[in-house]
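Undergrad: Protein sequence lines correspond, in order, to chains A and B.
Per UniProt numbering: the first sequence = residues 1 to 199.
Per UniProt numbering: the second sequence = residues 1 to 770.
Pasting in a structure now, in structure tokens, and then I'll have a few things to ask.
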Amino acid sequence: MMGRTIFIDPGRCIGCQACVSACRECDSHRGKSMIHLDYPDEGHTVASLPTVCMHCEDPVAPCAEVCPADAILVTADGVVQQADTTRCIGCANCVNACPFGVPKIDLQAKLQMKCNLCYDRTAYGLAPMCATVCPTGALFYGTVEELQAERPGVQVADSFTFGDVVVKTGVAMVVPADKVQWPVPGGLPIVQINGADVT
Amino acid sequence: MTAEQHRAPVPLDPSIAPPGTRNFRDAGGIPADQWHADQNGETLVPTHCCFCGVQCGMYLRVDHGGKVFGVEPRNHDINRMRLCPKGINAYQQVNHPDRLTAPLMRRSRDEPFRETSWEEALDFTVSEIRRIQDTYGKDAFGLLGGASLFSEKTYLVGKFARVALRTRHVDYNGRLCMVSAAGANKLAFGIDRAGNPFSDILLTDCLLIAGSNVGECFPVMTQYVWGARDRGASLIVIDPRETAVARTADIHVALKPGTDAAFFNAVLNVVVEEGLTDEAYLAEHATGWAEVRAKAAEYPPSRAAEICGVPAEQIVQVARTFAGAEKAMAWHARGIEHHSQGVENCLTVINLCVATGHIGRPGAGYGTITGQGNGQGGREHGQKSDLLPGGRSIMNEEHRRQICEIWGIDESDLPPAGTSMMEMVWQMQRGEIRGLIGICNNPFVSLPNYRVVKEGYDATEFHAQFDFFLSETAANAHVVFPVTTWAEDEGVMANAEARVVKHNKAQEPPPGVRTDTWVMCQLAQRLGAGDKFAFAGSREVFEELRIASAGTVNDYYGITYERLEETGGIAWPCPSTDHPGTPRLFEDGRTYHPDGKIHLQVVEWHPPMDPYSDEYPMSLTTGRTVAHFLSGNQTRRLGALVEQTPRPWVEVHPSLGFRSGDPVRVVTRRGSEVFPALVTEAIRPDTVFVPYHWPVPTSANALTIDALDPRSKIPEYKVCACRVEAGDAVDLVPAPPVAPGHTAYPETQVSRTDPLPPTAPQGRGTAERS
């Protein structure tokens, strides 16, 4: 049973970037936003969706697994923290390993930063800043039961396929009820490798 | 609770996060607004956002030194913690390096500004007022107020114009906002406000949104829209653009700009034809139905489909969905109001609501979504050219007598009605108005037909502005008075629901800065009317405003600062201090006309004022973008918002052959400008869209037409004839850099606390408690 976490509902995103601004206000990131907006169908619609750290559970946090400096800690409750400033060497392995494209490197400081689920707020039981302010509920913080009580019939997914690899995440995504697949395709579909059709 | 108590540090309640809490999934059960983070010595001042008419509740974070340095969401009824990017970044303007902190003055526009003393700036202003009025008459001096001011200040603007300046020429920038809706509501219902609270949206079965890009203009309202959707309500969106909300609608009617009245007449036609009217309600509560019904008969869907450029079946579908719902609501905004028949457009929506019996019930009714924070309250107490406090008419002898008694002036000294904001600019152009004071407005960006506006202002012999940043309009002035931001004073605003909310003072203004109230009182004193302006601050003004509104439709008498702090907001009318306020109107079926009836009005559609031709075959429509607010004087200085939307663009359909980023020249009869293209299928092929928050040379309002609605005198911003052509890349204005001092995140905040140790599994706060 999924606990209290973030649910991303792209159908509700209006692209306002309140989450981006709110993330900047979070004490733990010191003025930098750890969220970005994707525009998946530019030129056709103005559709957008926010990308936060998905806090991968299984396999446990690829970013942490590949970190040569053991700088990325995963807490017992599944939160993948940002890099320890005393350990991070700014090598960007985590950037390359993340299937969702989340961690960022400050090249000047040689330091990785990423969403840590507003641990300084969630430890108090508060919602992360992004989900607190999201004007539309595109980012929702709570349990799946709370989400479904508010939005009857809503379906969520917390497993994503990348080729042959399935990644189970601590953050979940709302998916259209009539298109529920398990697991959900993650990232862009791979159609060609070195010019060869692999579909 | 008093304001002082609000500002007192609130100690952490140990019960809110049990010691040893380690699992974020287990932590919970904390009331959402119980976060009072004082471990860093912060205080949290409850207040509201300074921007749009939703008026979201927020806390301003105040540091040890009494300076605002951040924001924290607040669980207020209206927004339930949510904020949009403007609200989150608003606090950054309070201590922004661009703040004006000393009066600026020059005796001629050829000279540069120099900083001066308050004494000299006030004396010079008064000497110029006297010179102009002695030479050309009292009405040669004008006053333009603003709808972002607290209601106390808007009350003072109206009183200052009529009692201290004794000019008829006073108006405000809410004239550019929702006056069409106000006019329509007054005609139909005898009261100028939305009929229902936002919370009724959650109860409706069918929500019709006309001419409102809710997602970008009022993002926090979206939670109500999708809350209704979660309950299964249908959503109808009328908009030439497929906005974020339109994209999710059951029916999106992408009609041609300027054809709303034809569309709604046709919807009513179908409602009548299919027997979906509520004849019992109409017979008991409305007048004029026979005439409205006869006019609707002239608009069969086939005719409207041709005018509006939408399928006739869609019109039928809208009629059946709206009329067939058990409870339906219609909300509209500038998209149907910014027209030369803005009042009539709103009346057609009212006709539809009333004919189908969707009025005066939970989940059934109408509303208009105010653009400016105090767009609703800003006109209620005498800032508008034809209104006296309490929404009294300046043309009504009895109303004039009542106000003269309260103000202690002779009836013959009270000037008659003046002209509207755009008309005042024309009068400036013609030399009829020779001097002007502007308070909290920026017409150089916000009025249509920039060339005319510039000529008008340049023709004045004296111009003064109150502002906290040097706006494009202030840069034209002879005197600029540096005044407070919303966080440095207290006062009330009325949001789009007519809910009066209280803003609290979070910090002392910087040295050299004064409140608008203080400046107006000082000027009044020097003009010899000091006894009528002996106000120490907002609280005293509000007490007079309450009395001045007592017994009117806009009755604030029962609203006090203390009640507002206790309740989180009260909707007027509120005639006594034990009255709960009136969130929903007409529940008893009675309106505010003497006969208690709804006065339905016949509307005939007419084409927009700027005619299409072979040379100008397309429609230009304008609007807002989520990162910026109105003329952008405030938001174009905040780094995060500038980075988000650095410059305007022109939205064009792919069929026009441009690629995104191409320079596109938009040409109207007023001029032309070049914008980068945003190619999208989300707009009609015959229409282009440009957001209007920027000054020339990328000003949408350099291109729009200064045609006015004959009743509301609102300009026709939302449609004018244009053509688009390939522009030259050299004409593309580069995106402004985010200059030092305009950073998204002030230094004070970056260094205010130690960062959370990234590897601390238990979090900072928990560690301190365990």
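The beta carbon of each residue, even a glycine, is placed where N, CA and C say it ideally should be.
Starting from the N-terminal side, write out each stretch of the alpha helix (DSSP H) that is 4 residues or longer and does not extend beyond the region 612-682 of chain B.
TA: Those alpha helix (DSSP H) runs which fall completely within the region 612-682 of chain B and span 4+ residues are 639-644.
Undergrad: How close, in whole Å, do the beta carbons of B:Lys159 and B:Ser420 come, if the pair is a contact with beta carbons under 8 Å?
TA: As a first step, residue 159 of chain B is located in the second sequence; it is residue number 159 there, counting from the start. As a first step, residue 420 of chain B is located in the second sequence; it is residue number 420 there, counting from the start. The Cβ separation is near 19 Å, so there is no contact.
Undergrad: On the criterion of 16 or more Cβ atoms from any shown chain inside 10 Å, does B:Ala305 qualify as buried, or is it exposed?
TA: Within the second sequence, numbered from 1, the residue matching residue 305 of chain B stands at position 305. By the neighbour-count rule (16 or more Cβ atoms within 10 Å), B:Ala305 is buried.
Undergrad: Using DSSP's beta-bridge definition, name the partner residues of B:Gln223.
TA: Start at 1 with the first residue of the second sequence, and residue 223 of chain B comes out as number 223. BP columns for B:Gln223 are empty, so no partner.
Undergrad: Identify the contact partners of A:His44 in chain B, using a Cβ-Cβ distance below 9 Å as the criterion.
TA: In the first sequence, residue 44 of chain A corresponds to position 44, counting from 1. Per Cβ cutoff of 9 Å: Pro654, Thr680, Glu681 and Ala682.
Undergrad: Which residue comes first and which comes last in the beta strand (DSSP E) that contains B:Arg99?
TA: Sequence index remark: in the second sequence, residue 99 of chain B carries index 99 (1-based). Premise fails: B:Arg99 is in no beta strand (DSSP E) and is neither H nor E.
Undergrad: Just to confirm, are B:Ile238 and B:Phe263 a CB contact at a threshold of 8 Å?
TA: Residue 238 of chain B sits at position 238 when you count from the first residue of the second sequence. Residue 263 of chain B sits at position 263 when you count from the first residue of the second sequence. Yes, the Cβ-Cβ distance between B:Ile238 and B:Phe263 is below 8 Å.
Undergrad: Just the Cα atoms here: how many angstroms apart are B:Gly558 and B:Ile570?
TA: As a first step, residue 558 of chain B must be located in the second sequence, where it is residue number 558. As a first step, residue 570 of chain B must be located in the second sequence, where it is residue number 570. Approximately 9 Å, taken between the alpha carbons.
Undergrad: Leaving out five residues on either side along the sequence, give the residues of the same chain with a beta carbon under 6 Å from the beta carbon of B:Ala102.
TA: Position 102 of the second sequence, counted from the first residue, corresponds to residue 102 of chain B. Closer than 6 Å at the Cβ level, and outside the excluded window around B:Ala102, lie Glu115 and Gly512.
Undergrad: On the three-state DSSP scale, how would you describe A:Pro62?
TA: Counting from one through the first sequence, the residue named residue 62 of chain A turns up at place 62. Three-state result, A:Pro62: helix.
Undergrad: Could you pull out every residue in the same chain whose Cβ sits closer than 8 Å to the Cβ of A:Ile35, ignoring the five residues on either side in sequence?
TA: The residue given as residue 35 of chain A occupies position 35 in the first sequence. Cβ neighbours of A:Ile35 beyond the five flanking positions: Cys19, Val20, Cys23, Pro50, Thr51, Val52, Cys115 and Cys130.
Undergrad: Taking 8 Å as the threshold (beta carbon to beta carbon), is B:Thr248 in contact with chain A?
TA: Within the second sequence, residue 248 of chain B is the residue found at index 248, counting from 1. Yes, because at least one Cβ of chain A sits closer than 8 Å to the Cβ of B:Thr248.
Undergrad: Can you list the alpha helix (DSSP H) stretches of 4 or more residues lying completely in the region 366-420 of chain B, in chain order?
TA: Runs found: 397-407.
Undergrad: Mind listing the chain C neighbours of A:Gln17? Cutoff is C-beta to C-beta under 8 Å, in chain order.
TA: This model lacks chain C altogether; the protein chains it does include are A and B.
Undergrad: Since B:Gly324 is in the alpha helix (DSSP H), which residue starts that stretch and which ends it?
TA: The residue given as residue 324 of chain B occupies position 324 in the second sequence. Unbroken alpha helix (DSSP H) run through B:Gly324: Ala312 to Gly324.
Undergrad: Helix, strand or coil: which one does DSSP assign to B:Glu216?
TA: By 1-based counting over the second sequence, the position of residue 216 of chain B is 216. Correct three-state label for B:Glu216: helix.
Undergrad: Please report the straight-line C-alpha distance between A:Gly90 and A:Asp106, rounded to a whole angstrom.
TA: Position 90 of the first sequence, counted from the start, is the residue given in the question as residue 90 of chain A. Position 106 of the first sequence, counted from the start, is the residue given in the question as residue 106 of chain A. Those two C-alpha atoms are separated by around 8 Å.
Undergrad: In whole angstroms, what is the alpha-carbon distance linking B:Glu768 and B:Tyr224?
TA: Counted from its first residue, the second sequence places residue 768 of chain B at position 768. Counted from its first residue, the second sequence places residue 224 of chain B at position 224. Only weak support exists for where B:Glu768 lies, its pLDDT of 25 falling under 50; the value from the coordinates is given anyway. If you take the alpha carbons of B:Glu768 and B:Tyr224, they lie about 39 Å apart.
Undergrad: Give a yes or no on whether the minimum CB-CB distance between B:Pro758 and chain A is below 8 Å.
TA: The count along the second sequence starts at 1 and reaches residue 758 of chain B at position 758. Only weak support exists for where B:Pro758 lies, its pLDDT of 30 falling under 50; the value from the coordinates is given anyway. B:Pro758 counts as touching chain A.
Undergrad: Tell me whether B:Asp458 sits in a helix, a strand or coil according to DSSP, three-state version.
TA: Your numbering for residue 458 of chain B matches position 458 in the second sequence. It is helical.
Undergrad: Quick one: does A:Thr136 have its CB under 8 Å from some CB of chain B?
TA: For this step, residue 136 of chain A is matched to residue 136 along the first sequence. Yes, its Cβ sits closer than 8 Å to a Cβ of chain B.
Undergrad: Determine the chain A residues that contact B:Ala244 at a beta-carbon separation under 7 Å, and present them in chain order.
TA: Working through the second sequence from its first residue, we reach residue 244 of chain B at position 244. Within 7 Å Cβ-Cβ: Ile14, Gly15 and Val46.
Undergrad: Return the residue from the list B:Arg669, B:Gly596, B:Thr680 and B:Val696 that minimises the CA-CA distance to B:Glu472.
TA: The sequence position of residue 472 of chain B within the second sequence is 472, counting from 1. Minimum Cα distance to B:Glu472 is reached at B:Val696.
Undergrad: Is the beta carbon of B:Asp731 within less than 7 Å of some heavy atom of the ligand COA?
TA: Annotation note on the ligand COA: not contained in the displayed structure, which lists no ligands.
Undergrad: Pop quiz: B:Asp200 and B:Pro362 are said to be a contact at Cβ under 8 Å. What is the actual Cβ separation, rounded to whole angstroms?
TA: Position 200 of the second sequence, counted from the first residue, corresponds to residue 200 of chain B. Position 362 of the second sequence, counted from the first residue, corresponds to residue 362 of chain B. About 6 Å separates the two Cβ atoms, so the contact holds.
Undergrad: For the region 716-730 of chain B and the region 608-617 of chain B, state whether three or more C-beta atom pairs, one from each stretch, are separated by less than 8 Å.
TA: They touch, by the three-pair rule.
Undergrad: Give the secondary structure of B:Asp588 by DSSP, where H, G and I count as helix, E and B as strand, and everything else as coil.
TA: Residue 588 of chain B sits at position 588 when you count from the first residue of the second sequence. B:Asp588: coil per DSSP, three-state reduction.
Undergrad: Starting from the Cα of residue 839 of chain B, find the closest Cα among B:Gly70, B:Gly53 and B:Phe535 and give me that residue.
TA: Residue 839 of chain B is absent from the structure shown; chain B starts at 1 and stops at 770.
Undergrad: Does B:Thr621 get closer than 8 Å to chain A when you measure Cβ to Cβ?
TA: The residue given as residue 621 of chain B occupies position 621 in the second sequence. Cβ-Cβ to chain A under 8 Å: no for B:Thr621.
Undergrad: For residue 783 of chain B, list the residues DSSP reports as bridge partners.
TA: Coverage of chain B is limited to positions 1 through 770, which leaves residue 783 of chain B absent and any answer about it impossible.
Undergrad: Taking the beta strand (DSSP E) that A:Lys104 falls in, what are its first and last residues?
TA: Position 104 of the first sequence, counted from the first residue, corresponds to residue 104 of chain A. Lys104 to Asp106 is the span of the beta strand (DSSP E), which, as asked, contains A:Lys104.
Undergrad: Can you look up B:Gly741 in the DSSP assignment and give me helix, strand or coil?
TA: Along the second sequence, read from residue 1 onward, the residue named residue 741 of chain B stands at position 741. Model confidence at B:Gly741 stands at a pLDDT of 44, short of 50, so the residue's coordinates are unreliable; what they give is reported in the following sentence. Note: B:Gly741 maps to coil in three-state DSSP.
Undergrad: Say whether chain A places a C-beta atom closer than 8 Å to the C-beta of B:Gly215.
TA: Residue numbering aside, residue 215 of chain B sits at position 215 when the second sequence is read from its first letter. Taking Cβ atoms only, chain A reaches closer than 8 Å to B:Gly215, which makes this a yes.
Undergrad: So within the region 49-128 of chain A, which uninterrupted beta strand (DSSP E) runs reach at least 3 residues, ignoring any that extend past its ends?
TA: Within the region 49-128 of chain A, the complete beta strand (DSSP E) runs of at least 3 residues are 49-51, 56-58, 104-106 and 111-113.
Undergrad: Taking the alpha-carbon of A:Glu145 as reference, which of A:Leu139, A:Val154 and A:Ala138 has the nearest alpha-carbon?
TA: Along the first sequence, one-based indexing puts residue 145 of chain A at 145. The shortest C-alpha separation from A:Glu145 is found at A:Val154.
Undergrad: Cβ closer than 7 Å: which chain B residues qualify as neighbours of A:Thr132?
TA: In the first sequence, the residue the question calls residue 132 of chain A occupies position 132. In chain order: Pro73 and Met81.
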